[in-house]
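Residues are numbered in the numbering used here as their position in the sequence shown, beginning at 1, plus a constant of 656.
The structure appears below as structure tokens.
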Amino acid sequence: MIPVSEYAFPVLMAILALCAVYTIVKRHKNLSAAQEGEDMVRLRELVAKALPNESDYKMVCARYERSAHSGRTTTIYHYTYAVAFDAARMWVIPLGFEKDDIRFQAPILVTGDQLGLVELTEKRKKEQLSHINVKLRDKEGASPLEFYVDAQLLQFDRFHHLNINQQEELEQFAGFIRSFAQKVNSENEALREKMANEALSLGSKRSLILGVMSILCCSLFLAGIILSVIGLLIAPKPKATGGKPELGFILCCVGLGLSLVVPFVMGFLLF
657 MIPVSEYAFP VLMAILALCA VYTIVKRHKN LSAAQEGEDM VRLRELVAKA LPNESDYKMV
717 CARYERSAHS GRTTTIYHYT YAVAFDAARM WVIPLGFEKD DIRFQAPILV TGDQLGLVEL
777 TEKRKKEQLS HINVKLRDKE GASPLEFYVD AQLLQFDRFH HLNINQQEEL EQFAGFIRSF
837 AQKVNSENEA LREKMANEAL SLGSKRSLIL GVMSILCCSL FLAGIILSVI GLLIAPKPKA
897 TGGKPELGFI LCCVGLGLSL VVPFVMGFLL F
């Protein structure tokens, strides 16, 4: 009788090979679908229905993920938007999916006078723009809406429903949103300064706490190092505080030094 364990490795390798082949075939199929542009055509038709009185606009498909924590459970919420824009306005249209049908909710009109700040984060791949994240803040600094636009979207699970290539559209949107952000931000300098000061204050308080904790835990070596390094990362740097280091920054430096020295001194004295 042949032991079952002799079959385990070949069976495992066969399963892994099948999974790899399935993944490759599925990705190739999705890439082909994105190249054909059927989903983008459907999206354009949907936006035309959502904005029946508008015509001179361009559009991109955007996404956003949000995490919610409850005890040991983490739930990730997925959002898909069609974003239409002209020279001065933007419409964010929430999308819903039911099997092969795409449904839209009421468009959200976004204009510069509604906003206090627009934050942009861009990524490039091989010197070409591949991703742009947009965070819109109101006059109080709260962020009611955030989304990102990728040059390529693929349908690789049940939360990603579309196969779209939109490099040209992404470049057009980037040109619009950069100009839009510059105008909004220049008109709300006071809010930018307020948020920057609040961030510095929060970083100072947290680094102060971590600095004290790193000093108290310096004899534990690794714990002290971790606490002090985290504190240094979030502490306002001297160049952001007029060249004068904050107390939290100083304490974290002291905690890091003690954490590197004290355990060895104690070990030498004890052993």
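In this text, a Cβ means the ideal position worked out from N, Cα and C, and glycines have one as well.
Residue i - containing alpha helix (DSSP H), residue span
i    : result
N853 : E845 to L872
R834 : Q823 to S842
D695 : E694 to A706
F920 : L903 to L926
Extent of the continuous beta strand (DSSP E) run through residue i
i    : result
A724 : K714 to S726
A740 : T729 to F741
R745 : R745 to E754
F760 : D757 to F760
S786 : Q784 to R793
L888 : Note, L888: premise wrong, no beta strand (DSSP E); alpha helix (DSSP H) at L878 to I890.
R814 : Neither: R814 is in no beta strand (DSSP E) and is coded neither H nor E.
Neighbourhood of residue i by C-beta distance below 6 Å, restricted to the same chain and skipping five residues each side
i    : result
A706 : I749, F760 and P763
E783 : none
K779 : S786 and H787
Y735 : Y720
Y733 : R722
Length of the line joining the Cα atoms of residue i and residue j
i    : j    : result
M851 : L809 : 33 Å
M886 : F905 : Checking the sequence, you will find Ile at residue 886 rather than Met. About 11 Å.
G859 : G898 : 16 Å
L903 : L889 : 14 Å
A738 : G727 : 33 Å
H816 : Y804 : 14 Å
A863 : E754 : Correcting the residue identity first, residue 863 is Ser in this sequence and not Ala. Answer to the nearest angstrom: the Cα atoms are 48 Å apart.
G911 : P800 : 39 Å
N789 : L925 : 54 Å
Own chain, CB closer than 8 Å to residue i, minus 5 neighbours either side, in chain order
i    : result
A676 : none
N844 : L771, G772, L773 and K795
E710 : A740, D742 and W747
Residues of its chain near residue i, where Cβ-Cβ distance is below 7 Å and the 5 sequence neighbours each way are ignored
i    : result
P901 : P894
A896 : L856
S915 : S870, C874, F877, G880, I881 and S884
Residue i CB to nearest heavy atom of the ligand SAH below 6 Å
i    : result
T731 : Judged by which ligands are present, the structure shown has none, so any question about the ligand SAH falls away.
Cβ-Cβ distance between residue i and residue j below 7 Å
i    : j    : result
P818 : D695 : Reading the sequence as shown, one finds Leu at residue 818 and not Pro. Yes, they are a contact pair.
L765 : I758 : no
G768 : K839 : yes
F832 : F741 : yes
T729 : S723 : no
A837 : L776 : yes
A891 : C909 : no
**Asked** Three or more C-beta pairs closer than 8 Å, one from the stretch 871 to 891 and one from the stretch 914 to 925: is that the case here?
**Response** yes
**Asked** How do the stretch 710 to 721 and the stretch 821 to 841 stand: do at least 3 beta-carbon pairs fall below 8 Å, yes or no?
**Response** yes
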